[in-house]
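For what it's worth, my numbering labels the leading residue of the sequence shown as 1, then goes sequentially.
Ideal placement from N, C-alpha and C gives every residue a C-beta, glycine not left out.
What follows is a single structure, written as structure tokens, with notes after it.
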Amino acid sequence: MRTGTAQVLTIYLGEADQWHGQPLYVAILQLLREEGCAGATALRAIAGYGASARLHEGHGLRWSSDATVVIQVIDQSARIERLLPRLRTMVRGGLITLHEVEVVQYSLAQPQRLPAHRTVGQVMATKVTAVRPETPVSQVVSMLLQAPFRALPVVDEQRHLLGLITTGDLIRSGALPLRRGLIRTALALDEATAAQMRAPLGQAGQSARTAAEAMNRQVRTVRPEQSLREAARLMAETGLRRLPVVDAEGHLIGMLSRTDLLRAIVSSPLASGDEEKETSGGQVQLASSGAMAPPSLVDYVRREVATVHEETPLAEVLDSLLRSPLKRVVVVDDERHVRGIISDVDVLAHLQAEQRPRFLSLLSRLARGREKEPVPPEGAFHLPGLTAPPRRASDVMNRSVVTVLSSATVQEAIASMMRTGRKVLPVVDDDGRLVGIVGRSDLLRVLLEDDKNAL
Numbered sequence: 001m002r003t004g005t006a007q008v009l010t011i012y013l014g015e016a017d018q019w020h021g022q023p024l025y026v027a028i029l030q031l032l033r034e035e036g037c038a039g040a041t042a043l044r045a046i047a048g049y050g051a052s053a054r055l056h057e058g059h060g061l062r063w064s065s066d067a068t069v070v071i072q073v074i075d076q077s078a079r080i081e082r083l084l085p086r087l088r089t090m091v092r093g094g095l096i097t098l099h100e101v102e103v104v105q106y107s108l109a110q111p112q113r114l115p116a117h118r119t120v121g122q123v124m125a126t127k128v129t130a131v132r133p134e135t136p137v138s139q140v141v142s143m144l145l146q147a148p149f150r151a152l153p154v155v156d157e158q159r160h161l162l163g164l165i166t167t168g169d170l171i172r173s174g175a176l177p178l179r180r181g182l183i184r185t186a187l188a189l190d191e192a193t194a195a196q197m198r199a200p201l202g203q204a205g206q207s208a209r210t211a212a213e214a215m216n217r218q219v220r221t222v223r224p225e226q227s228l229r230e231a232a233r234l235m236a237e238t239g240l241r242r243l244p245v246v247d248a249e250g251h252l253i254g255m256l257s258r259t260d261l262l263r264a265i266v267s268s269p270l271a272s273g274d275e276e277k278e279t280s281g282g283q284v285q286l287a288s289s290g291a292m293a294p295p296s297l298v299d300y301v302r303r304e305v306a307t308v309h310e311e312t313p314l315a316e317v318l319d320s321l322l323r324s325p326l327k328r329v330v331v332v333d334d335e336r337h338v339r340g341i342i343s344d345v346d347v348l349a350h351l352q353a354e355q356r357p358r359f360l361s362l363l364s365r366l367a368r369g370r371e372k373e374p375v376p377p378e379g380a381f382h383l384p385g386l387t388a389p390p391r392r393a394s395d396v397m398n399r400s401v402v403t404v405l406s407s408a409t410v411q412e413a414i415a416s417m418m419r420t421g422r423k424v425l426p427v428v429d430d431d432g433r434l435v436g437i438v439g440r441s442d443l444l445r446v447l448l449e450d451d452k453n454a455l
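Here it is in structure tokens:
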């Protein structure tokens, strides 16, 4: 999906080598495919020699009839690291090498159906950070503020899953004043704004509460052998963004996020990486017997979009923004051409220093009461002191808005999200006029289609 580093795993073995009654190279290729590797190639050498070659007097070098087979895999380091122990067991006589490579282009073949047999275990992240029940909440807060993941499983000494702590849980309990993006932005602004954030964080740091007291014990989980479609359906029905993966005895063995499922649709060796720990430990190949046209993005677009004009007063912008379920408003001109997008972080960053404390207090109150009043009535928000700049939508909007054409495929939209890190994308027609908006939860529906309409 994007340029970057990957790893090349190369295996040298003999064509006659066996593994449980079948050629070893076939068994390895099957393993790689079952584990969701982006691709593997097996090459048969026309000549060569290895450690077993011998020079015989008067006859020169006697070539072996057991031709060398070379298997090469280019994939992300996390999956290769996970597979290496099994591959080393299988290759009893041969050579395995590993080195880093720079990928300059990766192009997908024609998308086809997503095989129903693909499982959670092939996509889940296996390197999961967890905490114990006695871990102080202060430590949990510190970890979640600094880490790329947004949830911490709570486990016992045997790694039995006991509960889950998300940033939302910490906000509802009062341990966090706001979501992480706002906190991080506030801490990087002027000293007064940063101090306003440090005060509640300091209180959380002195709290005697433990993870057991803050965790959510009613956790929905999935098993590694369950299909991706089952996991996607559970996420869609519950609105959850991530699911712990447990074995038959309830031991935590991985985490599955909404992003993992989306990346499974577009398959790339660089679709996930160490920089985002809650993302996939693998991708899923799109393959089946018989090609089908890739699903059109237009079928998954939300037509009702919170929009404002470039000249809309900031007070009205805030009212639209804070009532928007996607926490975004799209800025358009008179002909509905997309000019920008606004989030609460954009507003905070552009407000004057004396305006920011009131805005943060408003957001904090809303964050704590969102469960009771998810859609406040129109005009419910009032922020005094907006007579000074910024005064209108164009003053605070993010002009580097990433859009996607309504004629694009679902795969192209997901690829754009993964490449840019955007969670929502305005959808435009060929002339750049707003058609709707699409989020990650909308695109996840592609995994729920029946076989006649699925990938």
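How long is the line joining the alpha carbons of residue i and residue j, rounded to whole angstroms?
| i | j | result |
| --- | --- | --- |
| L144 | D334 | 42 Å |
| V435 | R303 | 7 Å |
| G254 | P153 | 10 Å |
| Q226 | M215 | 25 Å |
| A271 | T420 | Caution applies to A271, whose pLDDT of 41 falls short of 50 and renders its modelled position unreliable; the value that the coordinates give is listed next. The alpha-carbon atoms of A271 and T420 are separated by roughly 12 Å. |
| E134 | H309 | 51 Å |
| V305 | G439 | 12 Å |
| P313 | V332 | 14 Å |
| V428 | I96 | 49 Å |
| I414 | V266 | 7 Å |
| G379 | L262 | For G379, the predicted model reports a pLDDT of 49, less than 50, meaning its position is unreliable; a value from the coordinates is still stated below. G379 and L262: Cα-Cα distance of roughly 36 Å. |
| R339 | D346 | 14 Å |
| A195 | P325 | 29 Å |
| L9 | Q22 | 22 Å |
| A232 | V123 | 12 Å |
| R79 | D156 | 26 Å |
| S207 | A199 | 13 Å |
| P148 | G181 | 11 Å |
| P426 | V402 | 7 Å |
| V246 | T221 | 7 Å |
How far does the beta strand (DSSP E) with residue i in it extend, from its first residue to its last?
| i | result |
| --- | --- |
| S394 | Unbroken run through S394 is the alpha helix (DSSP H), A393 to V396; no beta strand (DSSP E). |
| D75 | T68 to D75 |
| S343 | V338 to S343 |
| V101 | L95 to V103 |
| G163 | L161 to T166 |
| H251 | First-last for H251: undefined, no H or E at that position. |
| P426 | V424 to V428 |
| A208 | Run containing A208: none; DSSP gives neither H nor E here. |
| L152 | A151 to V155 |
Can you round the beta-carbon distance between residue i and residue j to whole angstroms, since I take them to be within the 8 Å contact cut?
| i | j | result |
| --- | --- | --- |
| L234 | L243 | 7 Å |
| L87 | I11 | 7 Å |
| L164 | V219 | 5 Å |
| R392 | E311 | 6 Å |
| M397 | I437 | Not quite, the Cβ-Cβ distance comes to about 15 Å (not below 8 Å), so this is no contact. |
| V329 | L321 | 5 Å |
| A236 | L443 | The pair is not a contact, with the Cβ atoms about 11 Å apart (cut-off 8 Å). |
| V120 | R223 | 7 Å |
| Y300 | V446 | 7 Å |
| T193 | R368 | That belief does not hold up - the Cβ atoms of T193 and R368 are roughly 19 Å apart, past 8 Å. |
| R132 | A211 | 7 Å |
| A204 | M197 | A204 to M197, Cβ: 11 Å. No contact. |
| L24 | L13 | 6 Å |
What is the DSSP secondary structure of residue i, reduced to helix, strand or coil?
| i | result |
| --- | --- |
| G282 | Here the model assigns G282 a pLDDT of 31, short of 50, so the residue's position is not dependable, and the following value carries that caveat. Correct three-state label for G282: coil. |
| E191 | helix |
| I28 | helix |
| G439 | strand |
| Y457 | This structure cannot speak to residue 457, because the chain is shown only from 1 to 455. |
| A332 | Here residue 332 turns out to be Val, not Ala, going by the sequence shown. In the structure shown, V332 sits in a strand (DSSP, three-state: E or B). |
| P357 | helix |
| V301 | coil |
| M143 | helix |
| R419 | helix |
| E373 | Legend: pLDDT at E373 = 45, less than 50; position of this residue unreliable, value from coordinates given subsequently. Here E373 sits in coil by DSSP. |
| H20 | coil |
| S407 | coil |
| R445 | helix |
| L362 | helix |
| L201 | helix |
| T5 | strand |
Using a threshold of 7 Å, is the CB atom of residue i nearer than that to any non-hydrogen atom of the ligand FMN?
| i | result |
| --- | --- |
| L43 | Ligands are entirely absent from the displayed structure, and the ligand FMN is therefore not among its contents. |
Following the continuous alpha helix (DSSP H) through residue i, name the residue where it begins and the one where it ends.
| i | result |
| --- | --- |
| G181 | R180 to L187 |
| R263 | R258 to V266 |
| V317 | L314 to R323 |
| R233 | L228 to T238 |
| A212 | A211 to A214 |
Is it true that the stretch 70–83 meets the stretch 26–42, where meeting means three or more beta-carbon pairs spaced less than 8 Å apart? yes
Cβ contact (3+ pairs, closer than 8 Å) linking the stretch 342–351 and the stretch 156–172: no
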